[in-house]
Amino acid sequence: WVIGACRDYLMEFTNASRWGTQPISFGIPGEEVDSATAGALMDAGFEIVGDMLLQAPEGLIVMMRNGASLEQGVADRDLLESADENSLVSIYWRARMDDLKLREDKDTMSWLEQQDVWFTTWGEWNHHRISGDGVVVSTEGSTITATLANQVSWAVPGTIRLQFNQSVLRVTDSSGTDLTVINAGQQHLIAGWREVADGMMVTIKPGTTVSINLDGEPESVQFTPQETFNGLHHAVTVVGHHTTNLFQWSSDFQESDLVFTWLIERPVQIEMNWALPVIAVAVLIAVPVSINHLVKKDQRGHSD
9 WVIGACRDYL MEFTNASRWG TQPISFGIPG EEVDSATAGA LMDAGFEIVG
59 DMLLQAPEGL IVMMRNGASL EQGVADRDLL ESADENSLVS IYWRARMDDL
109 KLREDKDTMS WLEQQDVWFT TWGEWNHHRI SGDGVVVSTE GSTITATLAN
159 QVSWAVPGTI RLQFNQSVLR VTDSSGTDLT VINAGQQHLI AGWREVADGM
209 MVTIKPGTTV SINLDGEPES VQFTPQETFN GLHHAVTVVG HHTTNLFQWS
259 SDFQESDLVF TWLIERPVQI EMNWALPVIA VAVLIAVPVS INHLVKKDQR
309 GHSD
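Here is the structure:
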């Protein structure tokens, strides 16, 4: 019941993501999680755990801490440069330790923002992969149709690469509206399409059918689900641990392109009628500024 209470507390104040209201990730500080806790997590709708577990409990996905830290003097650029193609790099960050404010490595942040990477969150990355695997493609004459059914959990778009020899005349969605053209420098997930040398990449929202009109009937069409958005080399998220004040902690990064997976903890100074769990819920916020008024609402309520 404590895990469900964590989820419900967060949902009172903010959506977990632009793709879904419910948090789907849970932060665990140790290397193991027992079967009872794993079962309770799944019963509460959680799908992802991280980031120090040695193995995934059955039915859950583990996200590993594999990108060192964003803290000044601790960041490891060599490690970040060695990331495998199509991997997800999770970088550790903690803004406060007791009364001490930690400093982020601004040089590493600036360097990261110039790299060929997709900035994402745990949940977005995982469901983009799932959605890409779910796209169904068919061809009739000079028209290719790609369909992605509605998803059970977060409604995250998925990407596929289509290979053919013809030129693209027009790309439309289910309503007949032209699909957004994605430029090569786009590093945040959006639905749309981009022409490449041997065809195109298309990122499709769940519940949508995309029609691609070509200048002639293709001899063959091949398609491949893409793990990483927009043909970028790999994905990066910064994981904010022990976050007790989301607005304050995220305010230092409002001008940054980096995207954070925030592990939210309810502040201990707030009087509670249920026990604070040892492990913190991870709520995945893609646009931290959007929760400003919600945090202030929470503070006003408790000051009253």
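Residue numbers (our numbering): 9 to 312. Ideal Cβ positions, reconstructed from N, Cα and C, are used throughout, including at glycine.
Per DSSP, the beta-bridge partners of tyrosine 100 are Ser77, Val247. As the crow flies, the alpha-carbon of threonine 269 is around 7 Å from that of tryptophan 130. Non-local C-beta neighbours of glycine 200 in its own chain, meaning closer than 7 Å and more than five positions away in sequence, comprise Leu187, Thr188, Val189, Ile190, Thr211, ordered along the chain. For tryptophan 101, the closest of Arg73, Trp119, Tyr17, Ala91 by C-alpha to C-alpha distance is Arg73. Nearest to arginine 15 by alpha-carbon distance, out of Glu235, Asp84, Ile32, is Ile32. With a 10 Å radius around the Cβ and a threshold of 16 neighbouring Cβ atoms, aspartate 265 comes out exposed.
The three-state secondary structure of lysine 213, taken from DSSP, is coil. Here the alpha carbons of glutamine 63 and valine 70 stand approximately 7 Å from one another. By the CB criterion at 9 Å, serine 150 and leucine 222 fall inside the cutoff. Contact between histidine 196 and tryptophan 162 fails: their C-beta atoms lie close to 16 Å from each other, not under 8 Å. When secondary structure is reduced to three states using DSSP, methionine 60 falls in the coil class, being assigned neither helix nor strand. At least 9 Å separates the beta-carbon of asparagine 238 from that of threonine 128. Listed in chain order, the non-local C-beta contacts of glutamate 79 below 6 Å within the same chain comprise Leu110, local neighbours out to five positions each way being set aside. Of the residues Met19, Glu121, Gly47, Leu61, the one whose Cα lies closest to the Cα of glutamate 263 is Glu121.
DSSP lists Val125 as the bridge partner or partners of histidine 242. Residue pairing by DSSP places glycine 193 in no beta bridge whatsoever. Here tryptophan 162 is not bridged, per DSSP, to any residue. Here the C-alpha atom of alanine 157 lies approximately 5 Å from the C-alpha atom of glycine 215. Taking the C-beta atoms as reference points, leucine 177 is found no nearer than 9 Å to valine 229. Isoleucine 220 sits buried, since 16 or more C-beta atoms from the chains shown fall within 10 Å of its C-beta. It is roughly 17 Å from the alpha-carbon of valine 244 to the alpha-carbon of glycine 35. For glycine 12, the secondary structure class from DSSP, reduced to helix, strand or coil, is helix.
Judged by their CB atoms, glutamate 235 and arginine 137 are nearer to each other than the 9 Å cut-off.
Taking the C-beta atoms as reference points, threonine 217 is found nearer than 9 Å to threonine 155. With contacts defined as CB atoms closer than 9 Å, alanine 76 and leucine 88 qualify as a contacting pair. Here aspartate 86 carries a helix assignment [DSSP, helix/strand/coil]. DSSP places threonine 236 outside any beta strand (DSSP E), giving it a letter other than H or E. Leucine 177: not part of any alpha helix (DSSP H); member of the beta strand (DSSP E) spanning 176-180, first to last residue.
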